[in-house]
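One structure is given below, encoded as structure tokens.
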Amino acid sequence: GEDVEQSLFLSVREGDSSVINCTYTDSSSTYLYWYKQEPGAGLQLLTYIFSNMDMKQDQRLTVLLNKKDKHLSLRIADTQTGDSAIYFCADQNSGNTPLVFGKGTRLSVIA
Amino acid sequence: DSGVTQTPKHLITATGQRVTLRCSPRSGDLSVYWYQQSLDQGLQFLIQYYNGEERAKGNILERFSAQQFPDLHSELNLSSLELGDSALYFCASSVGTGHMNTEAFFGQGTRLTVV
């Protein structure tokens, strides 16, 4: 079946850039997402990218997609303590199919 | 606020019991998805409904069932509960047109604790 893999932990210093990586197996993935989950809260969509794009930038967030290697990354520039959360990568086959999530990467930002 | 409402926020119940979790999707959203989040399994897709009909099934146990009502709210029924069913259960909704990116909005989740 489809699988999405992420490293479980990442620790960075405040002001540095964070890069969270994700690999997926479904070559038919059409949409790829990054969600953020803060403690005790639900999932919040951060950004998404279509599979025909290589890069998407949205303020401090940059998403890079290497479709050949099925590798997705999320770069957070100037990481702040408020960015501490769990970040989930997810892929979706089409606009009306369930998302398949990775297990999440816990980002800790050290002041 | 995502616009997706889940009730209750917390639920504590005993093994062997049955509970019902409720989800009200965002206004206009036809698709409802249920996910289970546990520490060891991560976020697992359970089931999806689209406009009242089951659309996709994931790793949902036979002890669990769901439905979507004509007003589009959905309920997830969990029966013969076991300790391992303790988890955070999320509902998400999307427009679900099928031909364009349809962002899924998540509720705050229901934390179920089975004792």
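Those protein sequences? They're chains W and D, same order as listed.
For the first sequence, this note's numbering gives the first residue as 3, with consecutive numbering after it.
For the second sequence, this note's numbering gives the first residue as 243, with consecutive numbering after it.
Backbone N, C-alpha and C define an ideal beta-carbon position, used for all residues, glycine too.
Beta bridge counterpart(s) of residue 107 (chain W) as assigned by DSSP: W:89
Cβ of residue 340 (chain D) within 8 Å of any chain W Cβ: The predicted model places residue 340 (chain D) with a pLDDT of 46, which falls under 50 and marks its position as unreliable, so this point remains unresolved.
Residue interval of the beta strand (DSSP E) (run including residue 336 (chain D)): 329-336
Closer than 8 Å at the beta carbon, the chain D residues around residue 81 (chain W): Those within 8 Å of residue 81 (chain W) in chain D number zero; the least Cβ separation is about 23 Å.
Assumed close pair residue 355 (chain D), residue 254 (chain D) - CB separation to whole angstroms, cut-off 8 Å: 5 Å
Member of W:33, W:4, W:19, W:44 whose CA lies at the smallest distance from the CA of residue 26 (chain W): W:4
8 Å Cβ cutoff, residue 41 (chain W) in contact with chain D: With respect to chain D, the C-beta atom of residue 41 (chain W) has no partner C-beta closer than 8 Å.
Cα-Cα separation, residue 306 (chain D) to residue 317 (chain D): 11 Å
C-alpha distance - residue 340 (chain D) paired with residue 55 (chain W), whole-angstrom precision: Confidence in residue 340 (chain D) is poor, its pLDDT being 46 and thus under 50, which makes the residue's placement too unreliable to answer from.
7 Å CB neighbourhood of residue 62 (chain W) in its chain, flanking five on each side removed: 78, 79, 80
Chain D contacts from the region 8-26 of chain W (Cβ-Cβ distance under 7 Å): Taken residue by residue, none of the region 8-26 of chain W has a beta-carbon sitting less than 7 Å from a beta-carbon on chain D.
Against chain D: residues of the region 53-77 of chain W by CB proximity under 7 Å: none
C-beta atoms of residue 93 (chain W) and residue 34 (chain W) nearer than 8 Å: yes
C-alpha distance - residue 324 (chain D) paired with residue 308 (chain D), whole-angstrom precision: 18 Å
Selection of the region 295-324 of chain D by Cβ proximity to chain W, strictly under 7 Å: 298, 300
Contacting residues, own chain, Cβ-Cβ under 6 Å from residue 15 (chain W) (five flanking each side not counted): Here the set comprises 112.
C-beta neighbour in chain W for residue 275 (chain D), strict 8 Å: By the rule that beta-carbons nearer than 8 Å mark a contact, residue 275 (chain D) touches chain W.
Residue 346 (chain D): contacting residues in chain W (beta-carbon distance under 7 Å): 101, listed in chain order.
Any C-beta of chain W under 8 Å from that of residue 350 (chain D): yes
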